[in-house]
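Each residue of the sequence shown is one higher than the last, beginning at 66 in this note's numbering. Note sheet for the following structure.
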Amino acid sequence: MIPKTATLEKAVVEQELSAYNVYKMLAKDSFVLLYMGVFDDQLTSILMDINDASKFEIKSSRKKISFLIAECFQNIVRHSDEEDKAAIGFKLPEMFLLRNRRSMHHLVTTNIVKNQDKEKLTKSIDHLKTLTKAELKALYLEVFTNESHSEKGGAGLGLIEMARKSGTAPTYKFEALGNNFSNFFFQVNVLPQDAPEVVSEKETSLDPAVAIYDRMTEQKIVLLQKGDFSKEAIMPLIQLFENNLALKAEDAEIIRKVITLLMEMLENIHDHAKEMHGGREGIFYVAEKAPGKYEVNTGNFIPVTQSILLKERLDLLSSGKKSKRTKTSKLSDGDKYPPGVGLAEICKNSSGKLIYEFRPIGHSLSFFSLKVSL
Numbered sequence: 066m067i068p069k070t071a072t073l074e075k076a077v078v079e080q081e082l083s084a085y086n087v088y089k090m091l092a093k094d095s096f097v098l099l100y101m102g103v104f105d106d107q108l109t110s111i112l113m114d115i116n117d118a119s120k121f122e123i124k125s126s127r128k129k130i131s132f133l134i135a136e137c138f139q140n141i142v143r144h145s146d147e148e149d150k151a152a153i154g155f156k157l158p159e160m161f162l163l164r165n166r167r168s169m170h171h172l173v174t175t176n177i178v179k180n181q182d183k184e185k186l187t188k189s190i191d192h193l194k195t196l197t198k199a200e201l202k203a204l205y206l207e208v209f210t211n212e213s214h215s216e217k218g219g220a221g222l223g224l225i226e227m228a229r230k231s232g233t234a235p236t237y238k239f240e241a242l243g244n245n246f247s248n249f250f251f252q253v254n255v256l257p258q259d260a261p262e263v264v265s266e267k268e269t270s271l272d273p274a275v276a277i278y279d280r281m282t283e284q285k286i287v288l289l290q291k292g293d294f295s296k297e298a299i300m301p302l303i304q305l306f307e308n309n310l311a312l313k314a315e316d317a318e319i320i321r322k323v324i325t326l327l328m329e330m331l332e333n334i335h336d337h338a339k340e341m342h343g344g345r346e347g348i349f350y351v352a353e354k355a356p357g358k359y360e361v362n363t364g365n366f367i368p369v370t371q372s373i374l375l376k377e378r379l380d381l382l383s384s385g386k387k388s389k390r391t392k393t394s395k396l397s398d399g400d401k402y403p404p405g406v407g408l409a410e411i412c413k414n415s416s417g418k419l420i421y422e423f424r425p426i427g428h429s430l431s432f433f434s435l436k437v438s439l
């Protein structure tokens with residue numbers, strides 16, 4: 066059993082999460098990207114593309130975040146050991162997580178490590194916490210020049226450079242798994258330029274990330290994004306999951322169906338989500354409920370007037386009847402997009418009924434959740 070050591074703020078605990086509940090769970094994060102699956106070098110550039118396309122950060126910080134994404138992702142690739150995972154007796158997914166919260170970025174990875182390596186990792190990271198920016202730079206140059214780091218706390222170049230680029234030492238946590246193994250949570254905290262010299266432990270705490278990991282593992286979620294769904298951000302997400310399926314040697318027909326469904330549902334968010342704060346905000350995630358069995362969930366805000374038409378369209382599609390515009394099916398001037406675009410294709414590619422929900426948000430908005438199985 067996977068240990069549960071943290072709780073999310075005001076999280077709604079349910080056996081089966083809906084897109085609305087996941088969105089509320091991550092409400093204080095302006096951007097979240099979570100990936101659990103097969104890790105390979107070729108995925109690093111895709112993650113950078115997603116970062117470049119996102120609107121959750123200013124352009125001046127994207128280069129720094131891209132560097133840290135590469136370092137964190139490579140950390141998983143370098144230290145992932147299939148033999149170690151097999152020794153535990155059950156499959157525990159590794160995670161890459163990127164969050165933006167209160168102008169601070171958090172990059173989180175998980176690895177299974179042998180308990181005999183905990184002391185070395187602890188010593189390396191704790192040593193970095195004692196160093197000033199000038200001392201970190203001096204240590205980096207020394208390690209780079211001498212190619213030796215045993216006398217300076219055991220920190221390698223990548224770890225030192227992550228501490229330098231982020232502005233503070235990483236945080237970490239071990240969770241015992243039994244059989245002399247632990248799950249190693251590692252978090253790089255990227256401070257904003259105007260951050261104080263000393264940052265509170267609460268702001269760099271790993272507890273929220275561990276809670277996200279626990280809940281996503283429970284629900285078997287393998288890919289999630291919360292934030293703005295621009296055209297530029299959609300294609301890298303599709304490519305990321307397509308590569309994930311290919312690396313798992315998934316059946317070609319399953320890959321085709323899942324990617325088609327994924328593309329239609331992401332396009333649906335982009336086309337129908339209410340524009341707010343300069344973007345079309347929403348959430349989407351994919352769960353692998355069983356080998357070859359996937360579930361795609363999306364959620365976004367839409368005007369109440371549009372939700373009435375959308376529900377009408379969905380009801381007709383679910384019943385198998387032909388769509389017929391009623392007298393009440395009239396778009397207001399503020400409704401740019403007609404409902405139902407792409408929904409017929411989504412319905413055609415699903416293996417079961419469409420599951421959807423409309424939650425009133427104030428007087429003028431609804432939160433539209435859609436779940437499709439394949």
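Backbone N, C-alpha and C fix where the C-beta goes; we use that ideal spot for every residue, glycine too. Remember, it's a predicted structure, so these values are computed and weren't measured experimentally.
Quiz item: Would you call E329 buried or exposed, if buried means 16 or more other Cβ atoms sit within 10 Å of its Cβ?
Solution: By one-based count along the sequence shown, residue 329 stands at place 264. That one is buried.
Practice problem: Evaluate the contact criterion for the region 270-281 versus the region 160-168: three or more CB pairs, one atom per stretch, below 8 Å. | Solution: Here the region 270-281 lies against the region 160-168, with 3 or more beta-carbon pairs under 8 Å apart.
Practice problem: Give a yes or no on whether the C-beta atoms belonging to E297 and G407 are separated by under 8 Å. | Solution: Within the sequence shown, residue 297 is the residue found at index 232, counting from 1. Within the sequence shown, residue 407 is the residue found at index 342, counting from 1. Cβ distance not < 8 Å, so E297 and G407 don't count as in contact.
Quiz item: Between G417, A274 and I225, which lies nearest to F249 when the distance is taken from Cα to Cα?
Solution: Stepping through the sequence shown from its first residue, residue 249 is reached at position 184. Considering only alpha carbons, the answer is A274.
Quiz prompt | Outcome for D293 when other beta-carbon atoms lying within 10 angstroms are tallied against a minimum of 16 | solution = Taking the first residue of the sequence shown as 1, we reach residue 293 at position 228. Burial call: buried.
Exercise. Please check the pair I334 and F349, which I expect to be a contact at CB under 8 Å, by giving their CB distance rounded to whole angstroms.
Key: Taking the first residue of the sequence shown as position 1, residue 334 is located at position 269. Taking the first residue of the sequence shown as position 1, residue 349 is located at position 284. Confirmed, about 6 Å.
Practice problem: Evaluate Q181 with the Cβ neighbour count: other Cβ atoms within 10 Å of its Cβ, from every protein chain shown; 16 or more gives buried, anything less gives exposed. | Solution: Here the question's residue 181 lines up with position 116 in the sequence shown. Classification for Q181: exposed.
Quiz prompt | Cross-strand partners of R424 (DSSP beta bridge) | solution = The sequence position of residue 424 within the sequence shown is 359, counting from 1. In DSSP, R424 forms a bridge with F432.
Self-check item: Cβ neighbours of L305 in the same chain (closer than 8 Å, five flanking residues each side left out)
Solution: For the purposes of this step, residue 305 is taken as the residue at position 240 of the sequence shown. Beyond the five residues adjoining it in sequence on each side, L305 comes within less than 8 Å, by CB distance, of Y100, L108, I111, L112, I115 and L288 in the same chain, given in chain order.
Practice problem: Return the chain-ordered list of same chain residues with a C-beta closer than 8 Å to the C-beta of S429, the five sequence neighbours on each side being excluded. | Solution: The residue labelled residue 429 in the question sits at position 364 within the sequence shown. Cβ neighbours of S429 beyond the five flanking positions: P368 and V369.
Quiz prompt | Contact between the region 337-351 and the region 413-423 (3+ Cβ pairs under 8 Å) | solution = No, the region 337-351 is not in contact with the region 413-423.
Practice problem: May I ask you to verify whether the region 195-211 touches the region 219-233, counting CB pairs closer than 8 Å and requiring at least 3? | Solution: A contact is defined here as three or more CB-CB pairs under 8 Å, and the region 195-211 meets this definition with respect to the region 219-233.
Quiz item: From which residue to which residue does the alpha helix (DSSP H) around R229 run?
Solution: The count along the sequence shown starts at 1 and reaches residue 229 at position 164. In the DSSP annotation of this structure, the continuous segment of the alpha helix (DSSP H) that includes R229 starts and ends at L222 to S231.
Quiz item: So what's P368 in DSSP terms, helix, strand or just coil?
Solution: Here the question's residue 368 lines up with position 303 in the sequence shown. In the structure shown, P368 sits in a strand (DSSP, three-state: E or B).
Quiz prompt | Expected contact under 8 Å - CB spacing of R166 and D94 to nearest Å | solution = Translated into positions along the sequence shown, residue 166 becomes position 101. Translated into positions along the sequence shown, residue 94 becomes position 29. Between R166 and D94 the beta-carbon gap is near 5 Å, inside 8 Å, which marks them as a contact.
Quiz item: How should R164 be labelled, buried or exposed, when 16 other C-beta atoms within 10 angstroms of its C-beta is the threshold for buried?
Solution: Here the question's residue 164 lines up with position 99 in the sequence shown. R164 should be labelled buried.
Exercise. List the whole-angstrom C-beta distance separating A234 from L271, where the pair is believed to meet the contact cut-off of C-beta under 8 Å.
Key: Position 169 of the sequence shown, counting from 1, holds the residue named residue 234. Position 206 of the sequence shown, counting from 1, holds the residue named residue 271. The Cβ separation is near 13 Å, so there is no contact.
Quiz item: Using DSSP with H/G/I as helix, E/B as strand and the rest coil, what is S189?
Solution: Position 124 of the sequence shown, counted from the first residue, corresponds to residue 189. In the structure shown, S189 sits in a helix (DSSP, three-state: H, G or I).
Quiz prompt | Span of the alpha helix (DSSP H), counted from its first residue to its last, around F209 | solution = Here residue 209 refers to the residue found at position 144 of the sequence shown. Taken as a continuous stretch (DSSP letters only), the alpha helix (DSSP H) holding F209 covers K198 to N211.
Self-check item: Close-in-space but distant-in-sequence residues of the same chain around K198 (CB under 6 Å, 5 per side omitted)
Solution: Mapped onto the sequence shown, residue 198 falls at position 133. For K198, there are no CB contacts under 6 Å within the same chain when 5 residues up- and downstream are skipped.
Practice problem: Drop a sphere of 10 angstroms on the beta-carbon of S384, count the other beta-carbons inside from all chains shown, and report buried for 16 or more, exposed for fewer. | Solution: Counting from one through the sequence shown, the residue named residue 384 turns up at place 319. The residue in question, S384, is exposed, as its Cβ has fewer than 16 Cβ neighbours within 10 Å.
Quiz item: How is the beta strand (DSSP E) around T175 delimited, first residue to last?
Solution: Translated into the one-based positions of the sequence shown, residue 175 becomes position 110. M169 to K179 is the span of the beta strand (DSSP E), which, as asked, contains T175.
Quiz item: In its own chain, which residues sit with a C-beta less than 6 Å from the C-beta of A352, not counting the 5 before and 5 after it?
Solution: For the purposes of this step, residue 352 is taken as residue 287 along the sequence shown, with counting starting at 1. If we look at A352 and ignore the five residues flanking it on each side, its Cβ neighbours are Q284, K285, I286 and E360.
Quiz prompt | Distance between beta carbons of N414 and L382, contact taken as under 8 Å | solution = To locate residue 382, count along the sequence shown from 1; it is residue 317. To locate residue 414, count along the sequence shown from 1; it is residue 349. 12 Å between Cβ atoms; not a contact.
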